[in-house]
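For reference, the structure is listed below as structure tokens.
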Amino acid sequence: MSTISYKEKIAARAAREISEGKVVNFGIGIPTLIAKFLPPEVQFFVHAENGVLGMGGRCPRGREDRNLIDAGGAYVELVPGASFSDSSVSFAMIRGGRLDVAFLGALEVSGKGDLANWIIPGKYAPGIGGAMEVAQKARRLVVVTNHNDRADNPKIVEECTLPLTGKACVDLIITEIAVMQPTRRGLLLLEIAEGVELEEVRQRTGTELLLPPEGPGRF
Amino acid sequence: MNKVCSLDQALGRVNPGDTVMVGGFGVPGTPFTLLDGLLKGGVNELTVIKNEANEDHMGISKLVEAGLVRKMITTHLGLNKTVIGMMNRGEVEVEFYPQGILAEKIRAGGAGLFGLLTDIGMDTELLSSTKQTMWFEGRELIVESALKGDVALLHAAKADRFGNLVYAKSAKNFNPVMATAATTVIAEVEELVEIGDLDPEHVHTPGAFVDHVVLLEELSEEYGILEHHII
């Protein structure tokens, strides 16, 4: 699998977590690919921290508006029903519990649903941005990430070693080989990617995997 | 009633050592012309409150690179390697807040409040250990102080001579809250209309908050489309 197809596999599965009428936030990286896997008849509203609710896709070349970007600086389009707000109101939506589902990347995520994604002390410290508020307050938080880091270490671990973004905040983890749900008892393996064996998922995961009674499904 | 003045007159209100709030999130809403004026004037030892530091060699980044900024109070510098490097070398002090908490600290300052209580950051010891916390209604919360500025520098699409402001699309961002939270509020504007020409329903920042309006003669390249963000 090339890097692109890894990411698209994850994004395509993540798109199934969005349904009609939902208010959705996409973090940077893989989450930005999710929207294109949704059928056009599903009406949902993408929130961007910089004060846009109802973003469409990225702007086709030549149609950019200098006053209309997403939180990563990309020029975007609007969908019917869109609105603008200032930063205070934009984050009231987040902290007030109006994000139905948010998708974030991860540096580490634990079987209990702790998430670390904002700092590697001494190496990577660009600031907090909006991630902490999204992680702590989205009604449902889906982590979309490669299963392992570039050095093949598991990103899904027993305990996060990096400073946390949020504690027990992750509801679902989607990687290129598995879909997992953090629970109080541990990490439940819901689905395995087509062509991948359970043993491989076990080997590449840094915490014990629980299996549902009917066994994991396929995606 | 006429708050319109020249760039130099307006920027004459900014003094060395001031705390300056600067609107904008990326290009939209950033007052590039006011910032270039500050750069030219060389007013130094500034504490700057801004969502981010713009991108390398743009907007507020130019002031930081010129050594005019002592401290930045901000949320994320991910798109500016130059300022991250200066931060890592200790050439500029940086204080980070979660983005919405920064907005609320400013909003509290503007609303005449002294602070706020939040659970954002309580899950990470790296943050909570540096904060004042208190028990309130059965849980431990972080106490955040309100933020005020000596000056706020804003960018609006349209204004009248009273200082009523209208922002465009995602150029609102931090501008409306900062408009409420500084002793002297300066707005650069793309279009100036007469009093009565703005529909009261469409005013985003009421003129009471605004002290000086600077009409932009032209928009420099910085306000335009950034090639590297195009598909």
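These protein sequence lines map, in sequence, to chains A and B.
8 is the number of the first residue of the first sequence in the numbering used here; add one for each residue after it.
210 is the number of the first residue of the second sequence in the numbering used here; add one for each residue after it.
Cβ coordinates follow ideal geometry from the N, Cα and C atoms, glycine included.
Fair warning: this is a prediction, and the values are worked out from it, not measured in the lab.
query	result
Bounding residues of the beta strand (DSSP E) (the contiguous stretch that carries residue 188/B)	Chain B is shown from 210 up to 440; residue 188/B falls before or after that span and cannot be answered.
Exposure label - residue 20/A; buried when at least 16 CB within 10 Å	buried
Residue 377/B vs residue 155/A beta-carbon contact at 8 Å	no
Length of the line joining the Cα atoms of residue 5/A and residue 146/A	Because residue 5/A is not part of the residues shown, which for chain A are 8 to 226, the question remains open.
Alpha helix (DSSP H) runs wholly inside the region 268–324 of chain B, at least 4 long, in chain order	269–274, 290–297 and 308–319
Contact belief for residue 224/A with residue 197/A at Cβ below 8 Å, rounded distance in angstroms	7 Å
Residue 194/A classed as buried or exposed, judged by whether at least 16 other C-beta atoms fall within 10 angstroms	buried
Neighbouring residues, chain A, relative to residue 332/B (Cβ below 7 Å)	143, 171, 173 and 174
Cutoff 8 Å: residue 436/B Cβ touching any chain A Cβ	no
Unbroken alpha helix (DSSP H) run spanning residue 73/A, endpoints	It is not in any alpha helix (DSSP H) - residue 73/A carries neither H nor E in the DSSP assignment.
C-beta neighbour in chain A for residue 288/B, strict 8 Å	yes
Given residue 138/A as reference, the closest of 85/A, 17/A, 112/A and 41/A once Cα atoms are compared	112/A
Whole-angstrom distance between residue 431/B and residue 289/B, CA atom to CA atom	15 Å
Delimiting residues of the beta strand (DSSP E) encompassing residue 189/A	185–189
Minimum length 3: unbroken beta strand (DSSP E) runs contained in the region 33–84 of chain A	52–55 and 59–65
Alpha-carbon to alpha-carbon, residue 350/B and residue 340/B	10 Å
DSSP three-state assignment for residue 20/A, whether helix, strand or coil	helix
Contact list for residue 56/A against chain B, beta-carbon separation under 7 Å	308
Contact test: residue 421/B Cβ vs the ligand FMN heavy atom, cutoff 7 Å	With respect to the ligand FMN, the structure shown offers nothing to examine, as it has no ligands at all.
Within 8 Å, strictly: CB atoms of residue 402/B and residue 243/B	no
Proximal residues, the region 365–385 of chain B versus chain A, C-beta separation under 9 Å	366, 376, 377, 378, 379, 380, 381, 382, 383, 384 and 385
Under 7 Å from the C-beta of residue 351/B: neighbouring residues of chain A	Per Cβ cutoff of 7 Å: no residues; residue 351/B is ~11 Å from chain A at best.
Three-state secondary structure assigned by DSSP to residue 246/A	Past the boundaries of the shown model lies residue 246/A; chain A is included only from 8 to 226, so the question cannot be answered.
Under 8 Å from the C-beta of residue 106/A: neighbouring residues of chain B	In chain order: nothing, as chain B lies at least about 12 Å away.
The region 384–398 of chain B in contact with the region 318–327 of chain B per 3-pair CB rule at 8 Å	yes
Rounded C-alpha distance that separates residue 284/B from residue 335/B	15 Å
Stretch pair the region 196–213 of chain A + the region 93–113 of chain A: three plus CB contacts closer than 8 Å	no
CB contact check: residue 174/B to chain A, cutoff 8 Å	Outside the shown range of chain B, which is 210 to 440, sits residue 174/B, and nothing can be said about it.
Interface partners of residue 293/B on chain A, CB under 7 Å	133
Any chain A beta carbon closer than 8 Å to residue 421/B	no
is_contact[residue 81/A, chain B] using C-beta, thresh 8 Å	yes
Residues in the region 214–230 of chain B having any Cβ partner in chain A nearer than 9 Å	none
Coil, strand or helix - residue 106/A by DSSP	coil
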